[in-house]
Structure formats: C-alpha cells, structure tokens
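For reference, the structure is listed below as structure tokens.
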Amino acid sequence: MSSTTERTFIAVKPDGVHRGLVGEIIKRFEQRGYKLLALKMVQAEKKLLEEHYKDLAQKPFYAGLVKYMGSGPVVAMVWEGLQAVSTGRKMLGATNPLDSAPGTIRGDFCIQTGRNICHGSDSVESAEREIGLWFTKEEIVQWDHHSKAWIYE
Ligand code: IDP
Ligand code: MG
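Using the working numbering, the first residue of the sequence shown is number 481, and each one after it goes up by one.
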C-alpha cells in the first residue's frame, strides 16, 4: 500500500480541554512524527459547529452535539504527514470509547460517545473541508519554507 502525505483536522473537544488533556493529545501526534501546521483555541460559534457537523444534521443527537461542542473552548489543529487522516483516526480510537482499543486516545481517557474528548477528520476530503472551516490560509504554516533546516523528510 502506498503512503501519501495528507493533512488532517484534529480538535480537542471542550471536555478534553476542561479535563487538561490538550498536552497529552498534542504529545501523541508530535511523538508519532506528525507536523503541527496550525493550532488555536476557539470558543466556536454555533454556526461553525452546525456547519462542521452538517452531515449529522438528521441524527437525534445533533442538537446535543452542537451544544456540547460549544460548551467551552475547543483546541483546533492541523497535522500533516504520511496517511495523517487514517492514522489520526486510529490514534483517536473508535467513536464509542467503549469500543476504542486501549492505547488509543479515547481508549485511554474516556467512556462515553457523547463526551469522547477529540475529533479527527474521516477522509482527505472532509479534512480539507474542515481545515477550511476552522482556519484561514494565513493561519496554516508552510513548513516547506523551513524544510532544509528541519528533521522531517
Ligand atoms: P467521529 O467523531 O468518530 O467521526 P461521528 O459519527 O462523525 O464520529 O460523530 C461525531 C460526534 O458526534 C462523535 O465524535 C460524538 O461526539 C457524537 N456522537 C456520535 N454518535 C453519537 C451518539 O449516538 N450519541 C451522542 N453523541 C454521538
Ligand atoms: Mg466524524
């Protein structure tokens, strides 16, 4: 299987921020070897959250999900590297933390689907859409400019 460099949108949800897990989640992506391209703490507007989760608009938990995501600040990030989308999802674990393998972020730190502490894009296309929703172009660093002095390939 070929590996491609991808960008993914990862967010620490309000419960993850509240519980002091921002550093832990960042650490795992850094340690794995992904590059941090953008990072900010946001008290998200309802409109942004509704747009972010628009594919779930028909689900019974949608209103609660938008409320949960707006209940406090979110730490929004863009990470880049080989297969960042699918590997990011593996690192987060299953949506229902009770099904998340130990060793994954959700599998190590939570037990409820409705309070599962982190978000990760589920495809390259949704990553692109989500990055565009949460960040302006100027907020995303261009590591290319520094690559000669940088450790990554
Ligand atoms: P994902 O976050 O693993 O991609 P999605 O199916 O995209 O999972 O759902 C988005 C988020 O909506 C979940 O992370 C979780 O916070 C919430 N969610 C999903 N299913 C339920 C549910 O059955 N009850 C309550 N919240 C849910
Ligand atoms: Mg999803």
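By construction, the Cβ of each residue, glycine as well, lies at the ideal position given by its N, Cα and C atoms. Being a predicted model, the structure only gives us computed values, none of them experimental.
Legend entry - residue 485 and residue 561 closer than 8 Å at C-beta: As a first step, residue 485 must be located in the sequence shown, where it is residue number 5. As a first step, residue 561 must be located in the sequence shown, where it is residue number 81. Taking 8 Å as the Cβ cut-off, residue 485 and residue 561 qualify as a contacting pair.
Legend entry - Between the CA atoms of residue 604 and residue 526 - distance to the nearest angstrom: Residue 526 sits at position 46 when you count from the first residue of the sequence shown. Residue 604 sits at position 124 when you count from the first residue of the sequence shown. Cα to Cα, the separation comes out at about 24 Å.
Legend entry - Unbroken alpha helix (DSSP H) run spanning residue 569, endpoints: On the sequence shown, position 89 is the one that residue 569 refers to. Start and end: 564-572.
Inset, instruction - Could you tell me the distance, in whole angstroms, from the CA atom of residue 570 to the CA atom of residue 584? - result: Within the sequence shown, residue 570 is the residue found at index 90, counting from 1. Within the sequence shown, residue 584 is the residue found at index 104, counting from 1. Residue 584 has its alpha-carbon roughly 7 Å from the corresponding atom of residue 570.
Legend entry - Beta carbon of residue 556 nearer than 8 Å to that of residue 614: Residue numbering aside, residue 556 sits at position 76 when the sequence shown is read from its first letter. Residue numbering aside, residue 614 sits at position 134 when the sequence shown is read from its first letter. Yes, they are a contact pair.
Legend entry - Where residue 589 falls: helix, strand or coil (DSSP): On the sequence shown, residue 589 is found 109 positions in, with the first residue counted as 1. For residue 589, the three-state secondary structure derived from DSSP is helix.
Inset, instruction - Please confirm if the stretch 503-516 is in contact with the stretch 532-544, defined as three or more CB-CB distances below 8 Å between the two stretches. - result: No contact exists between the stretch 503-516 and the stretch 532-544.
Legend entry - Proximal residues to residue 621 (C-beta, below 7 Å), its chain only, five neighbours per side dropped: Residue 621 sits at position 141 when you count from the first residue of the sequence shown. Contacts found: 517 and 518.
Legend entry - residue 517, DSSP secondary structure in three states: Mapped onto the sequence shown, residue 517 falls at position 37. Strand at residue 517.
Inset, instruction - Output the distance between the C-alpha atoms of residue 578 and residue 551, rounded to the nearest integer angstrom. - result: Position 98 of the sequence shown, counting from 1, holds the residue named residue 578. Position 71 of the sequence shown, counting from 1, holds the residue named residue 551. The alpha-carbon atoms of residue 578 and residue 551 are separated by roughly 23 Å.
Inset, instruction - Go ahead and pull the three-state DSSP assignment for residue 561. - result: Your numbering for residue 561 matches position 81 in the sequence shown. If DSSP states are grouped into helix, strand and coil, residue 561 belongs with the strands.
Legend entry - Range of the contiguous alpha helix (DSSP H) that encloses residue 509: Residue 509 sits at position 29 when you count from the first residue of the sequence shown. From DSSP, the alpha helix (DSSP H) with residue 509 extends over 502-512.
Legend entry - Nearest-angstrom Cα separation, counted from residue 592 out to residue 619: Position 139 of the sequence shown, counted from the start, is the residue given in the question as residue 619. Position 112 of the sequence shown, counted from the start, is the residue given in the question as residue 592. Looking at the two C-alpha atoms, the distance is approximately 32 Å.
Inset, instruction - May I ask which residues mark the beginning and end of the beta strand (DSSP E) holding residue 486? - result: The sequence position of residue 486 within the sequence shown is 6, counting from 1. Run containing residue 486: 485-492, per the beta strand (DSSP E) assignment.
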